[in-house]
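Trainee: This is the structure, below, for whatever I ask next.
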Amino acid sequence: MKSFHDWFYSSCYNSFKVKSKRQVILTMESWHKCSEGVADKIKNEKGISSICHKGCSRCCSLHVSLITLDVFFIAENLTKNLSESKLFFIKKRLKLRADKVEEYIDDSYRMECVFLGKSSGQCVIYNYRPEACRRFFTNDEKDCIESNGSPLQDGAVFYSTGILSSYMALAAHNNDLFIDSHEMSKSLYIALDNPLLFKKWLRGEPNVFPGVKWEGYHQEIKKMNADMKIKIK
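Going by this note's numbering, the first residue of the sequence shown is number 164, and it counts up by one from there.
Quick look at the structure:
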């Protein structure tokens with residue numbers, strides 16, 4: 164696994180050196196593919212079967228944090244795939260949700276996701292949904308119902324996919340790209356409202372979006388950089 168992590172970090176690091184939108188998008192797609200592959204491997208080895216299905220959406224009212232890269236990835240895909248009129252309404256709904264979320268000081272709130280289809284109960288950005296949503300699952304329907312859509316997560320899957328996320332964030336950090344975690348609605352609204360932020364971030368501008376204070380993600384990545392030894396291939 165160590166050699167896989169070295170390869171993954173090196174791939175991300177070398178991509179971020181280019182400082183281009185295209186390379187960021189490609190790296191994000193690679194991250195999602197690798198993360199899903201790691202999760203599936205663990206599930207198969209442990210004999211875990213997810214009971215999640217289209218239209219369930221119990222977990223689609225939870226707090227979702229996006230790391231900086233994920234904000235730009237989703238914003239770019241929204242701009243590419245939606246008409247201006249649809250984007251206008253998406254931005255309006257993001258702003259409304261962001262304003263309500265700001266009233267909370269932790270992730271205990273429940274508020275329906277902007278991207279949850281009203282009639283279908285399905286994610287309208289499923290193909291470019293957040294990484295946090297990709298790895299979230301349950302094999303216990305009773306726990307899912309009783310926890311109001313926040314069931315216990317498998318430790319091995321949560322840890323292993325989290326490590327990949329940290330390696331990618333560290334690769335960006337070591338290329339002088341500022342990395343933090345951000346509340347989804349507010350950060351996406353800001354990114355869509357100011358498309359030039361992506362280029363500014365690629366030039367090394369920090370704090371382009373507000374961070375989630377109680378997570379302290381940026382500081383954790385800085386600590387991780389001091390502790391980890393990684394071979395760049």
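Beta carbons: idealized from backbone N, C-alpha and C, even for Gly.
Does the count of Cβ pairs from the stretch 301-314 and the stretch 213-229 closer than 8 Å reach three?
Mentor: yes
Trainee: By how many angstroms is the C-alpha of residue 327 removed from the C-alpha of residue 201?
Mentor: A straight line joining the alpha-carbon of residue 201 with that of residue 327 spans about 9 Å.
Trainee: Could you check whether the stretch 204-211 touches the stretch 239-257, counting it as contact only if at least three pairs of C-beta atoms, one from each stretch, sit closer than 8 Å?
Mentor: no
Trainee: Using DSSP's beta-bridge definition, name the partner residues of residue 286.
Mentor: 279
Trainee: Mind checking whether residue 482 and residue 300 have CB atoms under 8 Å apart?
Mentor: Outside the shown range of the chain, which is 164 to 396, sits residue 482, and nothing can be said about it.
Trainee: Does the contact criterion of 3 or more C-beta pairs under 8 Å hold for the stretch 226-240 versus the stretch 353-366?
Mentor: yes
Trainee: Please name the residue, chosen from 171, 316 and 212, that lies closest to residue 193 on a Cα-to-Cα basis.
Mentor: 171
Trainee: Could you tell me which whole alpha helix (DSSP H) segments of length 4 or greater appear in the stretch 294-356?
Mentor: 294-298, 304-309, 318-336 and 347-356
Trainee: Comparing C-alpha positions only, which one of 375, 381 and 385 sits nearest to residue 227?
Mentor: 375
Trainee: Closest to residue 306 by C-alpha separation, out of 348, 263, 215 and 389, would be which residue?
Mentor: 215
Trainee: Could you round the C-beta distance between residue 343 and residue 380 to whole angstroms and report it? I think they count as a contact, below 8 Å.
Mentor: 5 Å
Trainee: So, helix, strand or coil for residue 271, using DSSP?
Mentor: coil
Trainee: For residue 319 and residue 248, I'd like the C-alpha separation in whole angstroms.
Mentor: 42 Å
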